[in-house]
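Trainee:
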Amino acid sequence: MGNLRGIYKRTLVWYYIDITYDKIVFEMNGGGKLTMNDKMFGLMEKMYSEMQNGFKELRGELKEGLQRLEKGQVKLENELKEAKDILFDGYKQNYEKLEVLENKVDKLATTVERHDIELKVIKTAK
606 MGNLRGIYKR TLVWYYIDIT YDKIVFEMNG GGKLTMNDKM FGLMEKMYSE MQNGFKELRG
666 ELKEGLQRLE KGQVKLENEL KEAKDILFDG YKQNYEKLEV LENKVDKLAT TVERHDIELK
726 VIKTAK
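The numbering of the sequence shown is this note's numbering, which starts it at 606 and goes up by one.
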(Lines of atoms letter the chains of each structure in order from A and count residues from 1; the text may use other names and numbers.)
(Lines give C-alpha, C1' and ligand atoms only; values in the text may rest on other atoms or scores of the structure.)
Protein backbone atom coordinates (compact mmCIF):
# COMPACT_ATOMS: atom_id res chain seq x y z
CA MET A 1 0.00 0.00 0.00
CA GLY A 2 2.74 2.44 0.87
CA ASN A 3 2.17 5.88 2.20
CA LEU A 4 -1.01 7.61 1.11
CA ARG A 5 -1.59 11.10 2.34
CA GLY A 6 -4.35 13.56 1.77
CA ILE A 7 -6.06 16.54 3.27
CA TYR A 8 -9.84 16.65 3.30
CA LYS A 9 -12.09 19.49 4.31
CA ARG A 10 -15.34 18.65 5.97
CA THR A 11 -17.46 21.59 7.03
CA LEU A 12 -15.08 23.84 8.99
CA VAL A 13 -12.64 21.16 10.22
CA TRP A 14 -9.58 20.08 8.24
CA TYR A 15 -8.50 16.46 8.48
CA TYR A 16 -5.05 15.17 7.66
CA ILE A 17 -4.97 11.48 6.83
CA ASP A 18 -1.72 9.51 6.80
CA ILE A 19 -2.03 5.88 5.72
CA THR A 20 1.03 3.72 6.36
CA TYR A 21 1.53 -0.03 6.54
CA ASP A 22 0.70 -0.35 10.19
CA LYS A 23 -1.75 2.42 11.07
CA ILE A 24 -3.97 5.16 9.82
CA VAL A 25 -3.74 8.48 11.63
CA PHE A 26 -6.45 11.11 11.41
CA GLU A 27 -5.07 14.43 12.54
CA MET A 28 -7.49 17.31 12.90
CA ASN A 29 -6.53 20.96 12.71
CA GLY A 30 -7.17 21.31 16.42
CA GLY A 31 -4.24 19.00 17.20
CA GLY A 32 -6.22 15.91 18.18
CA LYS A 33 -5.20 12.55 16.68
CA LEU A 34 -7.18 9.42 16.07
CA THR A 35 -5.25 6.22 15.34
CA MET A 36 -6.70 3.21 13.57
CA ASN A 37 -4.99 0.04 14.65
CA ASP A 38 -3.71 -2.85 12.55
CA LYS A 39 -6.90 -4.85 12.99
CA MET A 40 -9.07 -2.13 11.52
CA PHE A 41 -6.58 -1.53 8.74
CA GLY A 42 -6.54 -5.26 7.95
CA LEU A 43 -10.32 -5.24 7.78
CA MET A 44 -10.24 -2.31 5.37
CA GLU A 45 -7.63 -4.11 3.23
CA LYS A 46 -9.81 -7.23 3.16
CA MET A 47 -12.86 -5.22 2.16
CA TYR A 48 -10.86 -3.50 -0.60
CA SER A 49 -9.58 -6.85 -1.85
CA GLU A 50 -13.08 -8.34 -1.88
CA MET A 51 -14.40 -5.33 -3.77
CA GLN A 52 -11.65 -5.67 -6.37
CA ASN A 53 -12.45 -9.38 -6.79
CA GLY A 54 -16.12 -8.50 -7.20
CA PHE A 55 -15.25 -5.95 -9.86
CA LYS A 56 -13.12 -8.57 -11.67
CA GLU A 57 -16.02 -11.03 -11.65
CA LEU A 58 -18.39 -8.35 -12.88
CA ARG A 59 -16.03 -7.40 -15.71
CA GLY A 60 -15.76 -11.07 -16.66
CA GLU A 61 -19.53 -11.52 -16.69
CA LEU A 62 -19.98 -8.37 -18.77
CA LYS A 63 -17.34 -9.57 -21.22
CA GLU A 64 -19.05 -12.97 -21.55
CA GLY A 65 -22.42 -11.30 -22.07
CA LEU A 66 -20.98 -9.05 -24.76
CA GLN A 67 -19.43 -12.04 -26.53
CA ARG A 68 -22.78 -13.89 -26.47
CA LEU A 69 -24.49 -10.80 -27.81
CA GLU A 70 -21.96 -10.46 -30.64
CA LYS A 71 -22.38 -14.15 -31.56
CA GLY A 72 -26.15 -13.71 -31.63
CA GLN A 73 -25.77 -10.63 -33.82
CA VAL A 74 -23.56 -12.50 -36.30
CA LYS A 75 -26.06 -15.38 -36.40
CA LEU A 76 -28.93 -12.98 -37.00
CA GLU A 77 -27.01 -11.19 -39.76
CA ASN A 78 -26.37 -14.52 -41.49
CA GLU A 79 -30.03 -15.51 -41.23
CA LEU A 80 -31.13 -12.14 -42.61
CA LYS A 81 -28.68 -12.45 -45.51
CA GLU A 82 -30.10 -15.88 -46.38
CA ALA A 83 -33.66 -14.55 -46.19
CA LYS A 84 -32.73 -11.57 -48.39
CA ASP A 85 -31.14 -13.87 -50.98
CA ILE A 86 -34.23 -16.10 -51.01
CA LEU A 87 -36.53 -13.10 -51.44
CA PHE A 88 -34.36 -11.74 -54.25
CA ASP A 89 -34.46 -15.11 -56.04
CA GLY A 90 -38.26 -15.16 -55.74
CA TYR A 91 -38.47 -11.61 -57.10
CA LYS A 92 -36.21 -12.56 -60.00
CA GLN A 93 -38.34 -15.62 -60.85
CA ASN A 94 -41.53 -13.52 -60.74
CA TYR A 95 -39.95 -10.90 -63.01
CA GLU A 96 -38.83 -13.52 -65.53
CA LYS A 97 -42.29 -15.17 -65.54
CA LEU A 98 -43.94 -11.76 -65.98
CA GLU A 99 -41.67 -11.06 -68.94
CA VAL A 100 -42.67 -14.37 -70.57
CA LEU A 101 -46.36 -13.57 -70.03
CA GLU A 102 -45.94 -10.06 -71.48
CA ASN A 103 -44.34 -11.53 -74.60
CA LYS A 104 -47.24 -13.99 -74.99
CA VAL A 105 -49.79 -11.17 -74.54
CA ASP A 106 -47.93 -9.08 -77.15
CA LYS A 107 -48.04 -11.99 -79.62
CA LEU A 108 -51.74 -12.51 -78.91
CA ALA A 109 -52.43 -8.78 -79.37
CA THR A 110 -50.60 -8.85 -82.70
CA THR A 111 -52.60 -11.90 -83.76
CA VAL A 112 -55.90 -10.25 -82.73
CA GLU A 113 -55.00 -7.09 -84.68
CA ARG A 114 -54.16 -9.20 -87.75
CA HIS A 115 -57.43 -11.09 -87.40
CA ASP A 116 -59.36 -7.78 -87.05
CA ILE A 117 -57.80 -6.53 -90.27
CA GLU A 118 -58.57 -9.79 -92.06
CA LEU A 119 -62.19 -9.64 -90.83
CA LYS A 120 -62.56 -6.06 -92.08
CA VAL A 121 -61.14 -7.08 -95.44
CA ILE A 122 -63.52 -10.04 -95.65
CA LYS A 123 -66.54 -7.88 -94.62
CA THR A 124 -65.71 -5.15 -97.14
CA ALA A 125 -65.24 -7.73 -99.89
CA LYS A 126 -68.78 -9.10 -99.49
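Positions of the beta carbon are idealized from the N, C-alpha and C atoms, including for glycine.
Measure the C-alpha to C-alpha separation of K686 and E723 and round it to an integer number of angstroms.
Mentor: Whole-angstrom Cα-Cα distance: 55 Å.
Trainee: Taking only heavy atoms of the ligand NAD into account, decide whether any of them is closer than 8 Å to the Cβ of L692.
Mentor: In the structure on display, the ligand NAD does not appear, and there are no ligands present to speak of.
Trainee: Alpha carbon to alpha carbon, what distance is there between K689 and V679?
Mentor: Each residue's Cα considered, the two are about 15 Å apart.
Trainee: In its own chain, which residues sit with a C-beta less than 7 Å from the C-beta of G695, not counting the 5 before and 5 after it?
Mentor: If we look at G695 and ignore the five residues flanking it on each side, it has no Cβ neighbours.
Trainee: In this structure, how does DSSP classify K689 when only helix, strand and coil are distinguished?
Mentor: Note: K689 maps to helix in three-state DSSP.
Trainee: Mapping the DSSP letters down to three states, classify K712 as helix, strand or coil.
Mentor: Note: K712 maps to helix in three-state DSSP.
Trainee: Between which residues of its own chain and A645 is the CB-CB distance below 6 Å, once the five residues before and five after are set aside?
Mentor: The displayed chain sequence assigns Met, not Ala, to residue 645. Counting only Cβ-Cβ distances below 6 Å, and skipping sequence neighbours, we find nothing.
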